[in-house]
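Visitor: Following this message is one structure expressed as structure tokens.
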Amino acid sequence: MRPQRRPIHALTLWIRRQPPKVKAFLAVVSGMAALVLLRTIVHEHDNLFVAAEAVHAIGISVLIYKLMKEKTCAGLSLKTQELTAIFLAVRLYCSFVMEYDIHTLLDSATLVTTLWVIYMIRFKLKSTYMEDKDNFALYYVLAPCAVLALFVHPSTSHHILNRFLWAFCVYLEAVSVLPQLRVMQNTKIVEPFTAHYVFSLGVARFLSCAHWVLQVVDSRGYLLTALGYGLWPSFVLISEIVQTFILADFCYYYVKSVVGGQLVLRLPSGVV
């Protein structure tokens with residue numbers, strides 16, 4: 005007699021058998037369902053942004069635990085950490101000169117811990133750094149973000165340099181995880197702590213995206229005009245959506261691995 009499959013396992017197998025268009029449709033439906041749920045249970049949408057920052061901080065804490073306990077940075081992308089430090093530093097500067105609030109304090113704490121991770125990878129644990137796998141060229145990210153920020157930035161009354169920097173950090177945040185995904189693509193095997201860290205980034209990006217989408221929906225589009233005119237309001241929203249979808253595929257395999265009781269995540273070809 006054949007053993008019965010668990011519902012989650014059966015659902016996973018069914019999803020895997022579906023064509024790409026059906027998978028994309030299911031992903032969109034799942035995302036919309038999650039947004040509806042968040043809108044129902046979270047009445048103050050700014051809390052979603054704070055939650056996103058908190059989840060990101062938890063991810064950094066996981067990295068710190070990995071570096072201190074296992075004394076290795078294998079599987080981590082130094083370039084993603086450097087890009088993270090750059091956009092946090094720029095956003096922190098913009099926060100001081102444009103809008104000082106709770107986000108400034110959260111960004112300060114995250115920047116300090118990110119700089120510590122960079123220090124550990126560059127100096128203390130350099131022998132375990134997989135430099136040959138971390139081969140994503142940073143100018144592929146930095147240059148396009150700078151050019152895009154030059155043409156599409158806020159239309160507020162702030163100094164043009166500050167508006168350019170604000171747009172630059174928004175675009176850079178959206179793609180800063182790409183070097184980490186390249187490392188995982190090159191290795192195909194992701195150890196638990198790195199997987200937890202990247203998954204936390206995915207959750208943080210989704211919460212941040214949900215914050216913006218729900219703000220736009222509840223304000224009936226007013227938020228887009230409040231951010232300024234031209235392409236900038238739409239590009240802010242697009243950036244949030246892009247950074248969410250970049251990590252969606254990995255998060256699916258992470259959840260699948262956790263449900264299956266696997267400690268080490270093995271990525272099939274073509275993922276990330």
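Start counting at 1 in the sequence shown, then tack on 4, and there's your number in the working numbering. Quick reminder that beta carbons are idealized off the backbone N, C-alpha and C, glycines included.
1. Applying the criterion that 16 or more other CB atoms from any shown protein chain within 10 Å of the CB defines a buried residue, is Met124 buried or exposed?
2. If you draw a straight line from the C-alpha of Ser112 to the C-alpha of Leu154, how long is it?
3. With the cut-off set at 8 Å, would you say Ser282 and His60 are in Cβ contact?
4. Can you list, in chain order, the residues of its chain whose CB lies under 6 Å from that of Cys173, leaving out five sequence neighbours each side?
5. With a 10 Å radius around its C-beta and 16 neighbouring C-beta atoms as the bar for buried, classify Pro148 as buried or exposed.
6. Phe127: buried (16+ other C-beta within 10 angstroms of its C-beta) or exposed?
7. Which word fits Ile250, buried or exposed, when buried means at least 16 other C-beta atoms lie within 10 angstroms of its C-beta?
8. Taking only the alpha-carbon atoms, compute the straight-line gap between Cys255 and Ala199 and give it to the nearest angstrom.
9. With respect to the alpha helix (DSSP H) encompassing Leu96, which residues constitute its N-terminal and C-terminal limits?
10. On the three-state DSSP scale, how would you describe Val181?
11. I need the boundaries of the alpha helix (DSSP H) containing Cys77, first residue and last residue.
12. Going by CA-CA distance only, name the one from Lys130, Val54 and His157 that's closest to Ala171.
13. Give me the Cα-Cα distance between Met72 and Ala150, rounded to the nearest whole angstrom.
14. I'd like to know whether the C-beta atoms of Ala55 and Leu211 end up nearer to each other than 8 Å.
15. Who are the near neighbours of Val207 in its chain, counting only those whose CB is closer than 7 Å to its CB and skipping five residues on each side?
16. Ala178: which of Glu195, His215, Arg209 and Thr118 sits nearest, CA to CA?
17. Anyone know if the C-beta pair for Val101 and Asn190 falls short of 8 Å?
18. Does the beta-carbon of Ile64 have 16 or more other beta-carbons within 10 angstroms, so that it is buried, or is it exposed?
19. Around the Cβ of Arg6, are there at least 16 other Cβ atoms within 10 angstroms (buried) or fewer (exposed)?
20. What's the gap between the Cα of Tyr258 and the Cα of Thr248?
Guide: Based on what the coordinates show:
1. buried
2. Near 26 Å, if we compare the C-alpha coordinates of Leu154 and Ser112.
3. The chain is shown from 5 up to 276; residue 282 falls before or after that span and cannot be answered.
4. Here the set comprises Phe91, Val94 and Arg95.
5. exposed
6. exposed
7. Buried: at least 16 other Cβ atoms inside 10 Å.
8. 9 Å
9. Residues Leu82 to Met102.
10. coil
11. Membership of Cys77 in any alpha helix (DSSP H) is not indicated, and neither H nor E is assigned to it by DSSP.
12. His157
13. 35 Å
14. yes
15. Val59
16. Taking only the C-alpha atoms, the option nearest Ala178 is Arg209.
17. no
18. buried
19. Note on Arg6: pLDDT 47, under 50, position unreliable in the model; the coordinate value appears next. Counting Cβ neighbours within 10 Å, Arg6 comes out exposed, since fewer than 16 surround it.
20. A straight line joining the alpha-carbon of Tyr258 with that of Thr248 spans about 15 Å.
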